[in-house]
Amino acid sequence: MTTQTFLTADCPGCGTQIAPTLLACPACGRLVYSDRLGGLSQAAKEATSRGDAPAALSAWREVLDLLPLGSRQHAAVSAQITELGRAGGNLASSSHTPERAAARAKSPVSALAAGIGAIALTLWKFKALLLGLTKASTLLTMLLSFGVYWTYFGWKFALGLVLSIYVHEMGHVFALRRYGFRATAPMFIPGFGALIRLQQQVVNPYEDAVIGLAGPIYGLGAAVATLGLWYATRQPIFAAIAGVNAWINLFNLLPISPLDGGRGFHAMSRLQKFLAAATAAAAWHYTNDGLLMLLAIVCAVRAFGAETNKEGIWKTTITYAALVIALTFVSLVRLQTHIR
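So the sequence shown is numbered by my numbering: it starts at 5 and just counts up by one.
Written out as structure tokens, the structure reads:
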């Protein structure tokens, strides 16, 4: 016979015993982690005041984890996260007034500084891509996938395919960091691509769409870069990698869970979903690619479903349609090779 011991704590407000899984006292409603919540709220406000949106969002998400679902505080913090998220991860410091911004824009020194900043950001992104390989789970599963793909396609195509999938996943990582989420490192699954497990809840469709579509956006970048190598060298292997990579990212735009397109559709109204379906249908008419016909059908089916976002976000819709068009044209290059 065995016994289990469940640790309980006494509510500081009324003395009622509280189960370890509860976030608020069932008797008086006092929040269990009130002291921790105060510190996190202060940290979030300080990060907001200095213009550090990722740090502010990260702190608010930790606050959200400690609040009971459905509570007034939970709703208020969710609204705060939504407001910060709509700023796109770019908060203006309190000292950055519009007048000062206009003055800086006219300054040659400021223009030069902005150019240097853009170059530095690009280099940082490249460095961040490499840093992702320092995670043991990512590197080991990546090597495993490389070995499996090598068996079927040869080492050159296998290497290009794995690196393309890696860039796609790092697009999600960058978006998650921008919005202050905790998530696991990318993990490769041979034959299925790779995945990242989100460890915190998404509170609005906008950030869900940004995170979801970040993967195909970076995937498109990798495909275009590989396409450039093909134009420069005329080596068929680069055409194969670029085309198949684009086709895989196009497949990820199917608006079903857990694919990236499903996350993007969360931010679209019914009209916007029909426009996405029309874009896929037009691309299918031009290319006769069966995947695009499937994409158009699924988009239309989703459009006829329950409308969960009546307003919709046009930026997401335009991004989705542009990805469908761009990835379609890049994917056609695979027809230049023996790999279909």
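Each residue gets a CB set at the ideal place from its N, CA and C atoms; glycine is no exception.
_By the three-class DSSP mapping on this structure, what secondary structure does glycine 197 have?_
Taking the sequence shown and counting its residues from 1, one reaches residue 197 at position 193. Residue state, collapsed to three classes: strand.
*Nearest-angstrom Cα distance between leucine 224 and histidine 78?*
Counting from 1 along the sequence shown, the entry for residue 224 is found at position 220. Counting from 1 along the sequence shown, the entry for residue 78 is found at position 74. Annotation: leucine 224 to histidine 78 spans about 37 Å, alpha carbon to alpha carbon.
*Is the beta carbon of serine 271 less than 8 Å from the beta carbon of aspartate 212?*
For this step, residue 271 is matched to residue 267 along the sequence shown. For this step, residue 212 is matched to residue 208 along the sequence shown. According to the sequence provided, residue 271 is alanine. The question's serine does not apply to it. In this structure, aspartate 212 lies closer than 8 Å to alanine 271 by Cβ.
*Quickly, what does DSSP pair alanine 191 with across the bridge? List them, please.*
One-based indexing of the sequence shown puts residue 191 at position 187. In the sequence as presented, alanine is not what sits at residue 191; that position holds methionine. Methionine 191 is bridged to Leu199.
_Residue environment, histidine 176, which counts as buried when at least 16 other CB atoms sit within 10 Å_ = One-based indexing of the sequence shown puts residue 176 at position 172. Buried, by the Cβ-count rule.
*asked:* With distance defined between alpha-carbon atoms, name the residue in Glu311, Ala310, Asn253, Tyr153 nearest to isoleucine 329.
replied: As a working note, residue 329 is residue 325 in the sequence shown. The shortest Cα separation from isoleucine 329 among Glu311, Ala310, Asn253, Tyr153 belongs to Asn253.
_Cβ contact (3+ pairs, closer than 8 Å) linking the stretch 176-196 and the stretch 226-238_ = In short, these stretches do not touch, since the Cβ pair count stays below three.
_Collapsed DSSP secondary structure at leucine 331 in the structure displayed_ = Numbered from its first residue, the sequence shown carries residue 331 at position 327. Note: leucine 331 maps to helix in three-state DSSP.
_Judging by CA-CA distance, which residue of Pro262, Leu163, Ser141, Ala140 is the nearest neighbour of glycine 151?_
As a position in the sequence shown, residue 151 is number 147, starting the count at 1. In terms of Cα proximity to glycine 151, the closest of Pro262, Leu163, Ser141, Ala140 is Leu163.
*Who are the near neighbours of leucine 296 in its chain, counting only those whose CB is closer than 7 Å to its CB and skipping five residues on each side?*
As a first step, residue 296 must be located in the sequence shown, where it is residue number 292. In the same chain as leucine 296, and ignoring 5 residues on each side of it, the C-beta atoms closer than 7 Å to its own belong to Ala284, Ala287, Trp288, Thr332, in chain order.
*Hey, how far is the Cα of alanine 326 from the Cα of isoleucine 200?*
Residue numbering aside, residue 326 sits at position 322 when the sequence shown is read from its first letter. Residue numbering aside, residue 200 sits at position 196 when the sequence shown is read from its first letter. Between the alpha carbons of alanine 326 and isoleucine 200 lies a gap of roughly 25 Å.
_I need the straight-line Cα distance from isoleucine 241 to leucine 167, nearest angstrom please._
Looking up residue 241 in the sequence shown gives position 237. Looking up residue 167 in the sequence shown gives position 163. Cα to Cα, isoleucine 241 sits roughly 14 Å from leucine 167.
*Looking at the structure shown, is alanine 325 part of a helix, part of a strand, or coil, going by DSSP?*
Along the sequence shown, one-based indexing puts residue 325 at 321. Helix at alanine 325.
*Of the residues Ser53, Arg54, Gly89, Gly55, which one's Cα is nearest the Cα of arginine 65?*
Walking along the sequence shown from the start, residue 65 turns up at place 61. Looking only at Ser53, Arg54, Gly89, Gly55, the smallest Cα-Cα distance to arginine 65 is reached by Gly89.
*Select from Ile85, Arg338, Val207 the residue whose C-alpha is nearest the C-alpha of arginine 267.*
The count along the sequence shown starts at 1 and reaches residue 267 at position 263. Of the candidates Ile85, Arg338, Val207, the one whose C-alpha sits nearest the C-alpha of arginine 267 is Val207.
*asked:* Less than 8 Å between the C-beta atoms of leucine 44 and alanine 63, yes or no?
replied: Counting from one through the sequence shown, the residue named residue 44 turns up at place 40. Counting from one through the sequence shown, the residue named residue 63 turns up at place 59. Taking 8 Å as the Cβ cut-off, leucine 44 and alanine 63 qualify as a contacting pair.
*With a cut-off of 8 Å on the beta carbons, I'd call alanine 300 and lysine 277 a contact; round off their distance for me.*
By one-based count along the sequence shown, residue 300 stands at place 296. By one-based count along the sequence shown, residue 277 stands at place 273. Contact between alanine 300 and lysine 277 is ruled out by a C-beta separation of about 11 Å, above the 8 Å threshold.
*Where does the unbroken alpha helix (DSSP H) through serine 149 begin, and where does it stop?*
Position 145 of the sequence shown, counted from the first residue, corresponds to residue 149. For serine 149, the uninterrupted alpha helix (DSSP H) run begins and ends at 140-157, by DSSP.
*Assigned secondary structure, tyrosine 290 (DSSP; H/G/I helix, E/B strand, else coil)*: Your numbering for residue 290 matches position 286 in the sequence shown. Assignment of tyrosine 290 by DSSP, reduced to helix, strand and coil, places it in the helix class.
*Identify which residue in Gln203, Leu202, Gly294 has its Cα closest to the Cα of leucine 258.*
Walking along the sequence shown from the start, residue 258 turns up at place 254. Taking each of Gln203, Leu202, Gly294 in turn and checking the Cα distance to leucine 258, the smallest one comes out for Gly294.
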